[in-house]
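The block underneath contains the structure these notes are about, expressed in structure tokens.
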Amino acid sequence: MKKILVVDDEPGHRMMLRAVLEDAGWEVFEAESAEEAFDLLDSAFVRNGFVESTQVDMPDVMILDIHLPGIDGHEALGKIHSLYPNLVVVMLTAFGSVGSAVEAMKKGAFDYLTKPSDNDELCAVLENALRYAQVLKVQNSQNLSSFSTEKEVLENLVGQSNTMKKLRELIRQAAPSEATVLILGESGTGKELIADALHALSERAEKPFIKINCAALPANLLESELFGYEKGAFTGAVRAKPGRFVLADGGSLFLDEIGELSLDLQAKLLRVLQERIVEPLGGVKGVPINVRIFAATNRDLRQEVKEGRFREDLYFRLNVIEIASPPLRERLDDLPELCAKILARLVQKNKKSVRGIEQEFMECLSKYSWSGNIRELENVLERALILSRGDNLSLGVLPEYILHPEPFETIIDPKENVLINNRIQNSSEFLAASQDASNFEKYKEEAEKQALSEALKNYDGHREKTADALGISRRTLQYKLKKYGLTKR
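Letter 181 of the sequence shown, counting from 1, is numbered 161 in the numbering used here, and no numbers are missing.
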């Protein structure tokens, strides 16, 4: 039976919603505050999270009022997305506060309803939300342990570029071990998918896989979520609650955005990793745990260690195996396959059909730098799908910043230019030219062109191998080949 949690501080409105929703076949649960809602969700999550075997009522959809006493709807929404990422949230707002609801949608709410609610609109919005929740459940079950083959596990890591082939091979090698894995990469590159694959290919695949975003919660709340607490540990702790380490016992724990942990929490995490014992807040006895850790960050943790913001001993505990999640701009050959995979999901979510992508549309995507990586690509494709009126996605539905991106030079890492320059700065000709400003740039460009040409020749025109040898990204190599007229090689 489809289940819904209604969070609203007005008893009369909750009663009205219950009557309408029960007539529409929903099983309805109620809470008058966000705090009460989290108590209900926590109890359901604990049992559904393998601490108890009995299945209880984890809702498919939540109706969340924006204006609540205590924790308001906006703050609650952020916590929900961190703790229960598959729970679909529909915001509820007074008629004059629609702007606030729209803002909540930008933060991840599925849709919004106004008070008083129109019954037909209410049912229609919630049915759409339910369908989306079902899609998320299918994806989540696939991401964890329902794969029948290794091939199916790795299919979510889309792409046939050498970069992605190397990534999948590294995951195959790392997954069977018990070693802690540190996943590095820019935001939006799919670090969580790597963690999913590591768990699904490990011997712990049938055990719990618990995730938490360390950047989404304030330090005091994050501490209680990680380590749990005993009844009476602090004001509001009316019952004991197991932490994420305990929930993950026997399985794996994914600590996303590990670089955002405070130094105090870093020290407590280090102790858990060393002793394999968790002490709940307010507790006097430690709880032994058997958990494999995957951690991810978009920060340069080596630099964070140098600057005193991340503990060196914790860094080495986490970085037993390091896996880099490549940015989209370094694997643009995968764009067509990525677009097809993403569009298949978006078509189902938005109930729109599209047959394909026009060549000019794809060419435009391939010229963009994608600083937001796959997450940005998903947003662009969803916008294009919603605005499209034809059978194919065309240039007319792309935003201006995609159609006319900044000049490509602006996205080249200056360090990569240095890596090439270092290869040509040792010649006597270069040293002589550097003394004459009028000849310096001309000589430098000619020397760089020769270095690129020789590298291409050495690797039989293979661009990825050439880029690796020069220590630059393939995207930078493409730009320089075009600049020097070497693209036909």
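Virtual Cβ for every residue (Gly too), placed ideally from N, Cα, C.
Source: prediction; values computed, not measured.
- Here the alpha carbons of W350 and I382 stand approximately 9 Å from one another.
- In this structure, the straight-line span from the alpha carbon of E172 to that of S305 is close to 10 Å.
- Beta-bridge analysis with DSSP links Y209 to K221 and L261.
- Per DSSP, reduced to three states, the secondary structure at T456 is helical.
- For the pair C194 and I238, the CB atoms are nearer than the 8 Å cut-off.
- In the DSSP assignment, S232 forms a beta bridge with F189 and R272.
- In the structure shown, the three-state DSSP call for T143 is helix.
- N142 is not a Cβ neighbour of A177, given a cutoff of 8 Å.
- A residue is called buried once 16 or more other Cβ atoms fall within 10 Å of its Cβ, and S232 is buried on that count.
- Between the alpha carbons of F234 and S80 lies a gap of roughly 32 Å.
- Non-local beta-carbon contacts of D293 in its own chain, meaning distances under 7 Å to residues more than five positions away in sequence, involve L250 in chain order.
- The closest CA to that of R325, considering only A185, A4, L361 and A74, is found on L361.
- Between L57 and F90, the alpha-carbon positions lie close to 11 Å from each other.
- For the pair P268 and A228, the Cα-to-Cα distance works out to about 12 Å.
- Taking a 10 Å sphere around the C-beta of L202, we find 16 or more other C-beta atoms and assign the residue as buried.
- The Cβ atoms of N99 and V226 do not sit closer than 8 Å to each other.
- By the Cβ criterion, the stretch 178 to 188 is not in contact with the stretch 240 to 254, since fewer than three pairs of Cβ atoms, one from each stretch, lie closer than 8 Å.
- In this chain, V133 is not harboured by any beta strand (DSSP E); it is covered by the alpha helix (DSSP H) spanning E130 to L134.
- Cβ contact annotation for S368 (same chain, cutoff 8 Å, sequence separation greater than five): K332, V334, S374 and V377, in chain order.
- Note on A275: 16 or more other CB atoms within 10 angstroms of its CB, so buried under the neighbour-count rule.
- Less than 8 Å separates the beta-carbon of R184 from that of R272.
- Membership of A89 in any beta strand (DSSP E) is not indicated, and neither H nor E is assigned to it by DSSP.
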